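Residue numbers (this note's numbering), protein chains in the order written: chain A, 1138 to 1505; chain B, 458 to 581.
We treat Cβ as the ideally placed atom computed from N, Cα and C, and that holds for glycine.
Just so it is clear, the structure is predicted and the values come from calculations on it, not from any experiment.
Notes follow once the structure below has been shown.
Written out as structure tokens, the structure is:
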């Protein structure tokens, strides 16, 4: 099954750790390791989880036109991003819908570091490259691994290898030279709701370095299954499920990603649409959903009102190991979107009672 | 006398007298991963062979469980509804799903025995 798939620099390690390999975005990736999704999820919240996310796209955008070119494709204040700082950003269509969500870090006056979703990376990089002036270039880092070290003990663990990382705040980005590993680039960020780092590592030393991280008592490997349940509990949207080219940042509840300065000029793609939506709302918006029973509602389940009318759809749903209950997010008509609203979710033809609830389901614990 | 047979959908069926006890195999629970929800058929329900009659959900996904043979459901195991992880811990023991009487006891003999099932799993 995994024969035609690309592999990450950590493939052999993933398999040796009992990784159950599945196809994800064209890569053979571990959906879980020997411990299983439940134990991996809880370990990440309790201590520190180590995720192979090398399938994600890493690239450097450099040149005199880098900042302006990226601003032209996003609602982000790239110009105001200080060196060593990172922001969450969105590539937008001319209609203001979302091509991808990604991270952008400022590494120098004319140098930006981008991390984009695996499933979107070919399209994203082609899109960005097609909008660059002469002298500004996008270079991909296909040779580098990317791991996420997440959880309350992540910072203590990483500081043993990169002592300077201890003083970093959420969304800081720094390069560290680690003996025997080479230059790693760490951002204090992640997608679990926990404190931690995403660490870009040279591909040829990645396995040895990750083995050293895993040898620390607090660290256990965590697969994509628990990565999904962790981000769902944290209320974070997954591209392709919860946001895509049919949703705008306003409908998705990502208005924080539309920068204040950019809202003076409305010069981002779809600026007119986004301005109108911020003024007048969207027909539907993304909300948290708490099923009242024990049955999870999965992506695609319809949301109905008391009269049986379809008023929305679940876009991510499953079981939250830390909340020990089923949880979901989805899009619902504005009239029913208020916190506390009673709804029903159609699961296997049966309406299951549920409530609209605020997100996250588990509080974020970022190092602010 | 007690005899256990297996289906290609990874259920086990243990026949004691006229009552068949049904569950999912160790291999099935391992493939599904940590179970978080189980939905069982109501006692009194008549089921056809291979009809969907129970649902198991892991953290990641939902899967159907089929009636291994035609018959009449007589009892459901509420212990696994209260504690779905019991299926992971004891799939072929305390983690049974339901009991049923069979419409055609002869059909039981057509299911795989333990050796045939082991080979079936190995070949998959």
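- Between the C-alpha atoms of residue 1410 of chain A and residue 1382 of chain A there is a straight-line separation of about 14 Å.
- Distance from the CA of residue 508 of chain B to the CA of residue 1338 of chain A, rounded to the nearest whole angstrom, comes to 51 Å.
- Counting along the chain, residue 529 of chain B sits inside the beta strand (DSSP E) bounded by residues 528-533.
- Separation of residue 1301 of chain A and residue 1312 of chain A (C-alpha to C-alpha, rounded to the nearest whole angstrom) is 10 Å.
- Within the stretch 1166-1182 of chain A, the residues whose Cβ lies closer than 9 Å to any Cβ of chain B are, in chain order, 1168, 1169, 1173, 1174, 1175, 1176 and 1178.
- Boundaries of the alpha helix (DSSP H) around residue 1401 of chain A: 1399-1402.
- A direct Cα-to-Cα measurement between residue 1484 of chain A and residue 1434 of chain A gives close to 6 Å.
- Cα atoms of residue 1159 of chain A and residue 1192 of chain A: separation of roughly 13 Å, rounded to the nearest angstrom.
- Using a Cβ-Cβ cut-off of 8 Å, residue 1433 of chain A is close to 493, 494, 514 and 519 of chain B, given in chain order.
- Shown here, residue 468 of chain B sits in a strand according to DSSP, grouped into three states.
- Of all alpha-carbon atoms in A/1247, A/1475 and A/1258, the one lying nearest the alpha-carbon of residue 1279 of chain A is that of A/1258.
- Annotation: residue 1199 of chain A to residue 544 of chain B spans about 55 Å, alpha carbon to alpha carbon.
- The beta carbons of residue 1385 of chain A and residue 1234 of chain A sit closer together than 8 Å.
- Beta-bridge analysis with DSSP links residue 1282 of chain A to A/1338.
- Of all residues in the stretch 469-480 of chain B, none places a beta-carbon less than 7 Å from a beta-carbon of chain A.
- When A/1491, A/1440 and A/1396 are compared, the shortest CA-CA separation from residue 1462 of chain A is found for A/1491.
- Under the 10 Å beta carbon count, residue 1420 of chain A is surrounded by fewer than 16 other beta carbons and is classified as exposed.
- Look at residue 1455 of chain A: its C-beta is under 8 Å from a C-beta on chain B.
- By alpha-carbon distance to residue 553 of chain B, the top candidate from B/539, B/465 and B/560 is B/539.
- With a threshold of 16 other beta carbon atoms within 10 Å, residue 1389 of chain A meets it and is buried.
- When beta bridges are read from the DSSP output, residue 576 of chain B appears opposite no residue.
- Residue 1450 of chain A is positioned such that its CB atom lies closer than 8 Å to that of residue 1440 of chain A.
- By the 16-neighbour rule on beta-carbons within 10 angstroms, residue 1290 of chain A is buried.
- Under the Cβ distance rule, residue 550 of chain B does not count among the residues neighbouring chain A, no pair being separated by less than 8 Å.
- Under the Cβ criterion (8 Å, minimum of three pairs), the stretch 1465-1474 of chain A does not count as touching the stretch 527-541 of chain B.
- Between residue 494 of chain B and residue 541 of chain B, the CB-CB gap stays under 8 Å.
- Note that the C-beta distance between residue 1284 of chain A and residue 1190 of chain A is below 8 Å.
- When secondary structure is reduced to three states using DSSP, residue 1416 of chain A falls in the helix class.
- Interface annotation, residue 490 of chain B: in contact with chain A, CB-CB separation under 8 Å.
- Counting C-beta atoms within 10 angstroms of its own C-beta, residue 1401 of chain A has fewer than 16 neighbours from the protein chains shown and is therefore classed as exposed.
- DSSP, read as helix, strand or coil, puts residue 478 of chain B in strand.
- Here residue 1243 of chain A is buried, its C-beta having at least 16 other C-beta atoms within 10 Å.
- Looking from the CA of residue 1502 of chain A, the closest CA among A/1287, A/1493 and A/1446 belongs to A/1287.
- Around the CB of residue 1335 of chain A, 16 or more other CB atoms lie within 10 Å, so the residue is classed as buried.
- When DSSP states are grouped into helix, strand and coil, residue 1410 of chain A belongs to the helix group.
- DSSP places residue 1183 of chain A within a helical segment (H, G or I) once states are collapsed to three.
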